[in-house]
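So the sequence shown is numbered by my numbering: it starts at 1 and just counts up by one. Accompanying notes for the structure given below.
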Amino acid sequence: MIEPLRKTYSKTRPYAVDRYDEDDGSITYEIWDHRPDSYRRVCRVSEDPVDDAEYSPDRGQAKRDAELIARALNALLESSEQ
Numbered sequence: 001m002i003e004p005l006r007k008t009y010s011k012t013r014p015y016a017v018d019r020y021d022e023d024d025g026s027i028t029y030e031i032w033d034h035r036p037d038s039y040r041r042v043c044r045v046s047e048d049p050v051d052d053a054e055y056s057p058d059r060g061q062a063k064r065d066a067e068l069i070a071r072a073l074n075a076l077l078e079s080s081e082q
């Protein structure tokens with residue numbers, strides 16, 4: 001199981017995932033670059049509302065995808081600085 005990313009800013013891990021609950025019932029996860037000189041949204045992954053979503057095998061996939069993207073960006077940044 002993938003551990004959720006922490007919200008605190010880290011100089012070596014500036015990419016973080018923010019969750020937004022939309023009015024239509026969908027959930028959007030946005031990956032943000034929280035570095036002070038370049039605070040911006042990198043991408044957005046959303047999960048559409050589905051009837052009986054709690055029984056859907058894909059439920060929660062958007063969150064996992066967003067966290068994997070943020071982890072990959074942080075790892076890429078870390079490896080480029082070494």
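Here a beta-carbon is modelled for each residue, glycine too, at the ideal position from N, C-alpha and C. Computed from a prediction, not measured in an experiment: that's the story for all the values here.
Where residue i sits in the DSSP three-state scheme
i, result
"Ser26", "coil"
"Arg19", "strand"
"Arg40", "strand"
"Arg35", "coil"
"Glu78", "helix"
Which residues DSSP lists as bridging residue i, in chain order
i, result
"Val45", "Tyr29"
Expected contact under 8 Å - CB spacing of residue i and residue j to nearest Å
i, j, result
"Tyr15", "Ala70", "4 Å"
"Glu30", "Asp48", "Their Cβ separation, rounded to whole angstroms, is 16 Å, which puts Glu30 and Asp48 out of contact at 8 Å."
heavy atom of the ligand COA below 7 Å from residue i C-beta
i, result
"Ser80", "Among the components modelled here there is no ligand, and therefore nothing to report on the ligand COA."
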